[in-house]
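Numbering (my numbering), first residue to last: 40 to 229.
Printed below as a string of structure tokens:
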């Protein structure tokens with residue numbers, strides 16, 4: 040008789056475990072939901088101004104330090120002023136989540152650790168009407184929904200990587216304090 044009691048208990052246990060696993064899978068947001076949360080936080084920012092300082096570090100190329108002022112005004116106005124010559128990837132300095140949602144199909148590739156932070160890895164594939172855009176990888180913080188890294192891929196290899204560092208402003212907004220960009224010109228499309 041003990042065998043008969045063990046079987047229903049085992050079945051109930053398996054049903055519980057399967058139900059728990061399905062619930063955990065359902066609790067993970069979709070790529071679209073993640074991008075939507077990034078956009079919602081971005082939309083709370085009305086305007087800001089930031090000084091941009093860029094240095095080029097490439098073998099065989101010497102360029103003076105580039106300085107610019109970036110002005111952002113909600114919902115999607117970005118203006119960049121610089122004195123002299125500057126090469127600054129606008130999308131890397133101030134990515135617009137709305138444009139990412141409009142121009143790309145997003146896919147959640149999973150979760151990973153990035154410099155001690157738990158992030159979602161999103162792969163953004165250009166929609167047909169934006170086929171000239173590049174495949175983009177976003178690493179999005181799981182708790183704050185800020186973008187820590189943007190990578191533009193050419194033939195599946197990154198040719199532009201932009202990393203961000205954030206600071207809390209007005210006790211409310213996480214805004215980029217610093218960003219660094221790396222371009223691999225050998226992989227540049229064109």
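Glycine included, C-beta positions come from ideal geometry on N, C-alpha and C.
Nothing here was measured: the structure is a model prediction, and the numbers come from that model.
Go ahead and pull the three-state DSSP assignment for residue i.
| i | result |
| --- | --- |
| residue 217 | strand |
| residue 121 | strand |
| residue 135 | coil |
| residue 81 | helix |
Given that a residue counts as buried once 16 or more other Cβ atoms are within 10 Å of its Cβ, and exposed if not, what is residue i?
| i | result |
| --- | --- |
| residue 208 | exposed |
| residue 151 | exposed |
| residue 100 | exposed |
| residue 202 | buried |
| residue 223 | exposed |
| residue 92 | exposed |
| residue 169 | exposed |
| residue 70 | buried |
| residue 191 | buried |
| residue 215 | buried |
| residue 197 | buried |
Following the continuous beta strand (DSSP E) through residue i, name the residue where it begins and the one where it ends.
| i | result |
| --- | --- |
| residue 106 | 105-112 |
| residue 93 | 86-93 |
| residue 201 | 196-208 |
| residue 188 | 186-193 |
Measure how close the beta-carbons of residue i and residue j come, nearest whole angstrom, since I'm counting them as under 8 angstroms.
| i | j | result |
| --- | --- | --- |
| residue 185 | residue 177 | Their Cβ separation, rounded to whole angstroms, is 10 angstroms, which puts residue 185 and residue 177 out of contact at 8 angstroms. |
| residue 147 | residue 159 | 6 angstroms |
| residue 1 | residue 204 | Because the chain is modelled from 40 through 229, residue 1 falls outside the range shown and cannot be assessed. |
| residue 121 | residue 86 | In fact, because the Cβ distance is near 19 angstroms, the residues do not count as touching under 8 angstroms. |
| residue 144 | residue 164 | 5 angstroms |
| residue 109 | residue 77 | Their Cβ separation, rounded to whole angstroms, is 19 angstroms, which puts residue 109 and residue 77 out of contact at 8 angstroms. |
| residue 156 | residue 180 | 6 angstroms |
| residue 188 | residue 200 | 7 angstroms |
Contained beta strand (DSSP E) runs [length at least 3] in the region 140-179, N- to C-terminal order
Here the runs fully enclosed are 143-153 and 156-165.
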